[in-house]
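S.K.: Questions regarding the structure given below will be posed in turn.
Printed below as a string of structure tokens:
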């Protein structure tokens, strides 16, 4: 059995697949190495203050990947991370198409309390601790659900204005905004580890 290192089972995994090569200096997830082992971040947190609790021991050990088209990253859901954006917020003409999400166990519960989730902007109607049974969160293993497939095929699953406002209202709360600011400032000033990019960049000596 998998365990989370936080006194409970590992009930989810996060993934990120890029369909375009990542730019040389930005545009891909950045992680704090071994941060999933922290003991101070609660299960309801979305943003964290890296100067609180035991998080300070992780904040200077940053992993920055530069995946190429078709590469997939998979990580522990408790790993502290962000997507490193373009300098000044200007992405120019470069495309950056990605597919990302969370795979959860079949008895997972909906956790929307206090969360500003950019991937959760649909009118699924679920509330805190509801079973995660919905075409918005389709079962994929060992086989998909015919009803969920039909609803998604009809184009009835997607983002909505109501879901967007739910996310915005959570994001602008004093607590979330302060935590987000702390995370951005610390990561932007951290020393980044480039050696981990080698598996994605390939053997340059062969060129």
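In UniProt numbering, the protein residues as written are 1 to 207.
Think of the CB as a built atom: it goes at the ideal place given N, C-alpha and C, for glycine as much as any other residue.
(1) Any idea what DSSP makes of residue 96, helix, strand or coil?
(2) Take the Cβ of residue 64 as the centre, count every other Cβ of all protein chains shown within 10 Å, and call the residue buried at 16 or more, exposed below.
(3) When you compare only the Cα positions, how much space is there between residue 19 and residue 93?
(4) Cα separation between residue 124 and residue 143?
(5) In its own chain, which residues sit with a C-beta less than 6 Å from the C-beta of residue 162, not counting the 5 before and 5 after it?
(6) With DSSP collapsed to three states, give me the class of residue 101.
(7) Would you kindly report the start and end of the unbroken alpha helix (DSSP H) that includes residue 271?
(8) Would residue 74 and residue 32 be called neighbours here (beta carbons separated by less than 8 Å)?
(9) Restricting to Cα atoms, I'd like to know which of 61, 139, 53, 81 is closest to residue 108.
(10) For a test of the three-state rule: what should DSSP assign to residue 14, helix, strand or coil?
(11) Given that a residue counts as buried once 16 or more other Cβ atoms are within 10 Å of its Cβ, and exposed if not, what is residue 165?
(12) Using the C-alpha atoms, what's the distance from residue 156 back to residue 145?
(13) Does the region 24-38 come close enough to the region 56-71 to have 3 or more Cβ pairs within less than 8 Å?
(14) List, from N- to C-terminal side, the alpha helix (DSSP H) runs of 4 residues or more that fit wholly inside the region 24-91.
(15) By alpha-carbon positions, which one of 130, 16, 78, 24 ends up nearest to residue 87?
(16) Please confirm whether residue 80 and residue 103 have their CB atoms less than 8 Å apart.
(17) Taking just the CA atoms, how far does residue 141 sit from residue 214?
(18) Just reading off the alpha helix (DSSP H) that residue 152 is part of, what are its end residues?
(19) Using only CA atoms, which one of 100, 127, 58 lies nearest to residue 34?
(20) Closest by CA to residue 38, which one among 22, 77, 11, 110?
M.R.: Once the coordinates are examined:
(1) coil
(2) buried
(3) 16 Å
(4) 21 Å
(5) 123
(6) strand
(7) What the structure shows of the chain is the stretch from 1 to 207, and residue 271 is not part of that stretch, so it cannot be assessed.
(8) no
(9) 139
(10) strand
(11) exposed
(12) 15 Å
(13) yes
(14) none
(15) 24
(16) no
(17) A question about residue 214 goes unanswered here, because the residues of the chain that appear run from 1 up to 207.
(18) 146-153
(19) 58
(20) 77
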